[in-house]
Structure formats: C-alpha cells, structure tokens
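Comments concern the structure below.
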Amino acid sequence: MRVQWTHGYASAPSGFARCTHGFGEILAGMQPAACDLIMRECFEATETRSVLDPFAGGGTTLVCAQTLGWRAVGADVSPLACFVSANRNWRASEEEVEVMLESARTVTDRAGTREEKDGANDEDASDVPRSWRAVRDALREYLASDAFVGAPRVAEGLWFCMSVALQRTQKSQNKRRHKGKSKGKRGGGGDDASRVNAETFLKTVEEYANRLEQFREECAKHAGAPAPPASIHNVDVRKFKLSAEDKVDAVLTSCPYPAVYDYLSFARKVRAGSGAVVPSSASFSARSGPTSSYVNTVVPGDRNWPAGWTEGEIGSRRALRSDPYAFKDVWQREQEEWLAVVADSLTPRGRAAIMVGDGANIDTRASIVAAAAKFALREVAGCTMKLTTTTEEGRVYNQARTEHLILFDRA
Numbered sequence: 001m002r003v004q005w006t007h008g009y010a011s012a013p014s015g016f017a018r019c020t021h022g023f024g025e026i027l028a029g030m031q032p033a034a035c036d037l038i039m040r041e042c043f044e045a046t047e048t049r050s051v052l053d054p055f056a057g058g059g060t061t062l063v064c065a066q067t068l069g070w071r072a073v074g075a076d077v078s079p080l081a082c083f084v085s086a087n088r089n090w091r092a093s094e095e096e097v098e099v100m101l102e103s104a105r106t107v108t109d110r111a112g113t114r115e116e117k118d119g120a121n122d123e124d125a126s127d128v129p130r131s132w133r134a135v136r137d138a139l140r141e142y143l144a145s146d147a148f149v150g151a152p153r154v155a156e157g158l159w160f161c162m163s164v165a166l167q168r169t170q171k172s173q174n175k176r177r178h179k180g181k182s183k184g185k186r187g188g189g190g191d192d193a194s195r196v197n198a199e200t201f202l203k204t205v206e207e208y209a210n211r212l213e214q215f216r217e218e219c220a221k222h223a224g225a226p227a228p229p230a231s232i233h234n235v236d237v238r239k240f241k242l243s244a245e246d247k248v249d250a251v252l253t254s255c256p257y258p259a260v261y262d263y264l265s266f267a268r269k270v271r272a273g274s275g276a277v278v279p280s281s282a283s284f285s286a287r288s289g290p291t292s293s294y295v296n297t298v299v300p301g302d303r304n305w306p307a308g309w310t311e312g313e314i315g316s317r318r319a320l321r322s323d324p325y326a327f328k329d330v331w332q333r334e335q336e337e338w339l340a341v342v343a344d345s346l347t348p349r350g351r352a353a354i355m356v357g358d359g360a361n362i363d364t365r366a367s368i369v370a371a372a373a374k375f376a377l378r379e380v381a382g383c384t385m386k387l388t389t390t391t392e393e394g395r396v397y398n399q400a401r402t403e404h405l406i407l408f409d410r411a
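Quick look at the structure:
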C-alpha cells in the first residue's frame with residue numbers, strides 16, 4: 001500500500017520493468033509495482049499459477065501475472081478498459097513489432113504529402129480534430145492497400161497507437177491553454193500541426209514497440225514454460241463464470257470505489273473524443289475478440305449508446321446522485337453479487353486480494369469483509385492507509401481517500 005500511495009497507479013518506480021504499464025489512459029488502475037509485490041508476497045508461496053482480475057481495467061494484474069509465468073484472466077464492463085488492456089497484453093513477436101514500426105514510418109511519410117483538406121469531406125471528418133485527418137486517412141488507406149503485409153493484430157496495434165497519440169495531444173493542449181481564453185476551433189493549426197501530429201504518431205508507435213519488446217523479454221525470464229496469452233472478457237463480472245477446468249488459484253483486483261467516478265461515462269467520452277481515429281468500417285466489424293465492442297462501435301450522434309456502454313457499472317457516482325437514500329443498500333448487494341463470482345472462480349484454498357477505497361460515507365473494508373463472509377471467503381489479513389490532519393479546533397479530517405488492502409482465502 002505504501003508503494004501504491006508513493007508512486008500512483010500509472011507510473012512504474014525506478015528499477016521496476018515498465019513493460020506496457022500505463023500506456024493508454026483509463027480512469028483507474030493498480031500501481032504496477034504494488035501489484036507485483038502483492039503477487040509475490042501474498043500468492044507465490046501458495047504455488048499460485050493462475051489469477052483472475054474481475055475489474056481488470058488497463059490490465060496491470062494480467063501483465064504482471066504473465067511476467068511470473070501465470071495464466072491470467074481479466075473481465076471488465078468497460079469497452080475502453082478492454083481495448084487498452086488487450087493492447088497492453090499483446091505478446092507481439094519480433095516480426096510483428098518490426099512490421100508495425102515499418103508501417104508507421106510509411107504512414108508518417110504519406111501523411112506528410114497530404115493536404116489538410118484531403119479528408120475534410122469524409123462523413124466522419126468532424127469526429128476527428130482537423131490536424132489529425134491527414135495521418136488518420138494515411139493510415140486507413142495504407143492498411144487497406146496491398147502494401148500492408150501485417151496481420152489484423154498489427155493493424156489493431158497501429159489504431160491503438162493512433163488513439164493514444166490523439167489522446168495525449170489533446171490532453172497536452174488543454175494543459176497549455178491560458179485561463180480565460182476560449183478554446184477556439186477544435187484541432188486547428190494547419191499543415192504544420194498535421195506534420196507534427198504525424199511525427200507524434202510515429203513516436204507513439206516507437207514507444208509502444210519498445211514497451212512490447214520489454215514485456216516479451218520479461219515474460220521470457222521466467223524459468224518455466226511461458227504463460228499463455230491473457231484471456232480478456234468485456235462483461236459485467238456479475239454475469240461472468242469460469243468453467244471447472246479454468247478456475248484460478250488467486251484473484252487480485254482493485255474494485256470500484258463507492259460513488260467516486262462514472263466509469264462508463266469516461267469510456268464514452270474517450271471513444272467520442274477519438275472519433276473516427278478508431279475505424280468502424282466493415283473490414284473491422286467482422287473481427288472477434290475482446291476489443292471488438294470498442295473498435296466497432298460507431299459514436300452516436302445523440303445520447304443513445306449501445307447497452308454495453310451504459311449498463312453494468314457498480315457503485316457509480318451517478319447512481320448516488322440519482323438515489324442517495326438507496327445507494328448504500330444497493331452498494332452492499334452489488335458487493336455480494338461480484339464476490340459470489342470471485343468465490344466460485346477460485347480453486348479450493350485459493351486466495352483473493354482486494355484493494356478498495358472508501359467513499360459515500362461507506363467503510364468499504366467492513367462492507368467487503370461482510371459480503372465475502374457469505375461465500376466462505378475468510379479474511380486472513382489486511383491493512384488500511386489514511387492521511388489525516390487535526391485542526392487547531394481539534395477536528396480531524398482526511399487529506400486523502402482512505403484505502404484498504406484485504407487478503408482472503410477460500411475455505
């Protein structure tokens with residue numbers, strides 16, 4: 001927990017392999033080094049060889065598990081989280097990485113010869129900042145041409161990098177805006193901005209390639225047979241069930257905090273912001289896999305998103321606002337529902353480690369321990385981190401959100 005608090009969830013401390021951790025932004029996640037320590041200290045002595053993360057987010061647990069040689073299974077209700085997680089957990093071969101890099105160089109060169117107006121009349125042009133249309137269209141055309149020799153998985157990696165690059169530039173632009181100034185036209189900047197964005201795309205692909213290579217190398221360091229690729233499921237965990245032969249030795253997750261954020265709302269915002277950077281063409285719609293619901297979803301012109309983008313979230317802030325009096329009871333019922341899945345997914349004497357923070361005046365440690373006990377999950381150990389300050393008047397208040405790490409075993 002001290003590692004979690006010291007370094008934050010997106011970064012990797014010095015001396016810890018970055019792999020693909022933090023590449024591609026999502027709303028929440030577990031600190032990679034903290035995740036690795038939990039696995040080694042809480043699970044490894046019990047001869048763990050498989051792990052489930054029922055709230056997989058960006059896939060930190062899954063990446064760490066594979067570097068230890070463990071089979072990793074993840075589930076998440078957010079299409080964005082599964083999109084990011086699937087691409088962080090891609091165990092790309094050297095050949096695939098080289099094809100991706102060469103493709104990115106070609107796309108960058110082609111984007112430099114395009115004029116900004118080339119894509120202005122596309123039916124989805126308004127979904128993409130103007131200065132990104134040249135590189136987006138160059139990538140589309142290249143992947144559809146005979147010149148592209150990579151597999152669909154390589155193409156998906158390139159679209160992922162395009163989405164990450166766009167997200168980064170928009171975030172950077174927002175930080176640079178002076179207070180009081182209007183935002184102006186979205187994505188303006190002319191040909192110079194288009195060329196800069198093409199270079200940004202290439203640098204993003206180069207960084208991703210480097211991260212993928214490090215991930216592959218870390219997985220190869222394990223003395224035993226390499227772990228199978230992670231299995232990722234875009235589903236409400238309460239509807240998830242592992243077969244008898246696929247049950248796991250351990251569960252490690254950072255579950256939703258009560259009324260702290262709107263997880264699916266953030267996913268919709270990011271998908272709408274990346275717009276047509278991620279394609280929704282017929283050539284991609286036939287693809288199966290954990291990212292298809294993200295890749296293939298067309299951003300609606302109104303608020304009518306598909307059910308997979310609006311349903312199944314646990315403990316959202318919106319739920320508290322809509323019915324504050326019922327929230328606590330609903331929250332407790334939801335904890336029982338997903339912990340029933342955890343208990344059912346574990347092998348006998350399997351262990352579960354859960355990281356959670358308080359919110360909405362709920363002591364989440366007490367809440368989860370009570371819910372877990374109903375399914376023969378026994379609390380073995382736990383710790384709580386809080387930061388409080390006492391005023392001159394003697395009042396005590398929290399300076400940071402109280403968080404807990406709880407370890408269970410299955411009877």
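At position 62 of the sequence shown (counting the first as 1) the number is 62 in UniProt numbering, and the numbers step up by one without a gap. Idealized CB from N, CA, C, for every residue including glycine. All values reported here derive from a predicted model rather than from experimental measurement.
query: Taking C-alpha atoms, which residue in Val77, Gly29, Leu139 lies nearest to Ser265?
result: Here residue 265 corresponds to residue number 265 of the sequence shown, with the count starting at 1. Taking only the C-alpha atoms, the option nearest Ser265 is Val77.
- prompt: Under the DSSP definition of a beta bridge, which residues are partnered with Asp409?
  reply: As a working mapping, residue 409 is identified with position 409 in the sequence shown. BP columns for Asp409 point to Arg351, Arg378.
- prompt: So who's on the other strand from Leu52, going by DSSP bridges?
  reply: Reading the sequence shown from its first residue, position 52 is the one you call residue 52. The partner list for Leu52 (beta bridge, DSSP) reads Val73, Val251.
Alpha carbon of Thr297 to alpha carbon of Glu41, nearest angstrom: Indexing the sequence shown from 1 puts residue 297 at position 297. Indexing the sequence shown from 1 puts residue 41 at position 41. If I take the Cα positions, the gap works out to 41 Å.
message: Within 10 Å of its beta-carbon, does Ala220 have 16 or more other beta-carbons around it, so buried, or fewer, so exposed?
response: Within the sequence shown, the letter at position 220 stands for residue 220. Ala220 should be labelled exposed.
field: Short Cβ contact (8 Å threshold) for Ala72 with Leu62
entry: To locate residue 72, count along the sequence shown from 1; it is residue 72. To locate residue 62, count along the sequence shown from 1; it is residue 62. Going by C-beta atoms, Ala72 is nearer than 8 Å to Leu62.
query: What's the gap between the Cα of Pro290 and the Cα of Ala400?
result: Translated into the one-based positions of the sequence shown, residue 290 becomes position 290. Translated into the one-based positions of the sequence shown, residue 400 becomes position 400. Its pLDDT being 45, under 50, Pro290 is placed unreliably in this model, and the value from its coordinates should be taken loosely. Approximately 35 Å between the Cα atoms of the pair.
The alpha helix (DSSP H) enclosing Val63, as first and last residue numbers: Within the sequence shown, the letter at position 63 stands for residue 63. Looking at the DSSP string, the run of the alpha helix (DSSP H) that includes Val63 is 60-67.
field: First through last residue of the alpha helix (DSSP H) which encompasses Ser231
entry: On the sequence shown, residue 231 is found 231 positions in, with the first residue counted as 1. Segment 231-234 is the beta strand (DSSP E) holding Ser231; no alpha helix (DSSP H) there.
field: N-terminal and C-terminal residue of the beta strand (DSSP E) that Val396 is part of
entry: For the purposes of this step, residue 396 is taken as the residue at position 396 of the sequence shown. 396-398 is the span of the beta strand (DSSP E), which, as asked, contains Val396.
- prompt: Exposed or buried, Asn234, counting other C-beta atoms within 10 Å across all chains shown (16 or more means buried)?
  reply: Here residue 234 corresponds to residue number 234 of the sequence shown, with the count starting at 1. Looking at its Cβ environment, which holds 16 or more other Cβ atoms inside 10 Å, Asn234 is buried.
task: Use the C-beta contact count for Gly157: other C-beta atoms within 10 angstroms, 16 or more gives buried, fewer gives exposed.
output: In the sequence shown, counting from the first residue as 1, residue 157 sits at position 157. Result: buried.
query: When you compare only the Cα positions, how much space is there between Val380 and Ile406?
result: Here the question's residue 380 lines up with position 380 in the sequence shown. Here the question's residue 406 lines up with position 406 in the sequence shown. Approximately 8 Å between the Cα atoms of the pair.
Segment limits, beta strand (DSSP E) that includes Thr364: Residue 364 sits at position 364 when you count from the first residue of the sequence shown. That residue, Thr364, is in no beta strand (DSSP E); its alpha helix (DSSP H) goes 364-373.
field: Extent of the continuous beta strand (DSSP E) run through Thr390
entry: Here residue 390 refers to the residue found at position 390 when the sequence shown is read from its first residue. Looking at the DSSP string, the run of the beta strand (DSSP E) that includes Thr390 is 388-390.
field: Rounded straight-line distance, which links the Cα of Phe148 to that of Glu311
entry: Start at 1 with the first residue of the sequence shown, and residue 311 comes out as number 311. Start at 1 with the first residue of the sequence shown, and residue 148 comes out as number 148. Approximately 38 Å, taken between the alpha carbons.
query: Among the residues of its own chain, which have a CB less than 6 Å from the CB of Ser254, if the five just before and after it don't count?
result: As a working mapping, residue 254 is identified with position 254 in the sequence shown. Taken in chain order, the residues that qualify are Met30, Met355.
message: Run through the DSSP bridge pairs and tell me what Gly273 is partnered with.
response: By 1-based counting over the sequence shown, the position of residue 273 is 273. Gly273 pairs with nothing; no bridge assigned.
task: Using alpha carbons as the reference points, say which of Ala33, Glu25, Leu27, Arg271 lies closest to Ser14.
output: Translated into the one-based positions of the sequence shown, residue 14 becomes position 14. Nearest of Ala33, Glu25, Leu27, Arg271 to Ser14, Cα basis: Ala33.
- request: Please find out if some non-hydrogen atom of the ligand ADP comes closer than 7 Å to the beta-carbon of Glu334.
  value: No copy of the ligand ADP appears in this structure; indeed no ligand is present at all.
- prompt: For Gly8, is the classification buried or exposed, using 16 other Cβ atoms within 10 angstroms of its Cβ as the cut-off for buried?
  reply: Sequence index remark: in the sequence shown, residue 8 carries index 8 (1-based). Classification of Gly8: exposed, given that the 10 Å Cβ count is below 16.
query: Quick one: what's Thr384 bridged to in DSSP?
result: For the purposes of this step, residue 384 is taken as residue 384 along the sequence shown, with counting starting at 1. According to DSSP, Thr384 bridges with His404.
task: Please report the residue range of the alpha helix (DSSP H) in which Pro306 lies.
output: In the sequence shown, counting from the first residue as 1, residue 306 sits at position 306. Careful: Pro306 lies outside any alpha helix (DSSP H) and carries neither H nor E.
- prompt: Quick one: is Val251 buried, meaning 16 or more other Cβ sit within 10 Å of its Cβ, or exposed?
  reply: Here residue 251 is taken as the residue at index 251 of the sequence shown, counted from 1. Under this definition Val251 is a buried residue.
- prompt: Once you ignore the five residues that flank Cys383 on each side, which residues in its own chain have a CB closer than 8 Å to its CB?
  reply: Counting from one through the sequence shown, the residue named residue 383 turns up at place 383. Hits under 8 Å: Met1, His404, Leu405.
query: Counting pairs of beta carbons, one from the region 354-369 and one from the region 388-396, are three or more of them closer than 8 Å?
result: no
- prompt: Between the C-alpha atoms of Arg211 and Ala12, what's the straight-line distance to the nearest angstrom?
  reply: Taking the first residue of the sequence shown as position 1, residue 211 is located at position 211. Taking the first residue of the sequence shown as position 1, residue 12 is located at position 12. Whole-angstrom Cα-Cα distance: 12 Å.
query: Taking the alpha helix (DSSP H) that Lys221 falls in, what are its first and last residues?
result: Translated into the one-based positions of the sequence shown, residue 221 becomes position 221. Counting along the chain, Lys221 falls outside any alpha helix (DSSP H), and DSSP gives it neither H nor E.
query: When DSSP builds the beta bridges, which residues end up paired with Val356?
result: Counting from one through the sequence shown, the residue named residue 356 turns up at place 356. In DSSP, Val356 forms a bridge with His404.
- request: Provide the residue span of the alpha helix (DSSP H) that contains Val342, from first to last.
  value: Taking the first residue of the sequence shown as 1, we reach residue 342 at position 342. Val342 -> alpha helix (DSSP H) spans 327-345.
- request: Grab me the residues of Asp358's own chain with a C-beta within less than 7 Å of its C-beta, minus the 5 sequence neighbours each way, in chain order.
  value: Taking the first residue of the sequence shown as 1, we reach residue 358 at position 358. Answer for Asp358: Thr364, Arg401, Thr402, listed in chain order.
message: Given this structure, state the Cα-to-Cα distance separating Phe408 from Ala376, to the nearest angstrom.
response: Numbered from 1 along the sequence shown, position 408 holds the residue referred to as residue 408. Numbered from 1 along the sequence shown, position 376 holds the residue referred to as residue 376. Answer to the nearest angstrom: the Cα atoms are 9 Å apart.
task: Just confirm the distance between the C-beta atoms of Ala104 and Leu202, as a whole number of angstroms; I'd bet it's less than 8 Å.
output: Here residue 104 corresponds to residue number 104 of the sequence shown, with the count starting at 1. Here residue 202 corresponds to residue number 202 of the sequence shown, with the count starting at 1. About 5 Å; that satisfies the 8 Å criterion.
task: State yes or no: is the C-beta of Glu96 within less than 8 Å of the C-beta of Arg153?
output: Position 96 of the sequence shown, counting from 1, holds the residue named residue 96. Position 153 of the sequence shown, counting from 1, holds the residue named residue 153. In this structure, Arg153 lies closer than 8 Å to Glu96 by Cβ.
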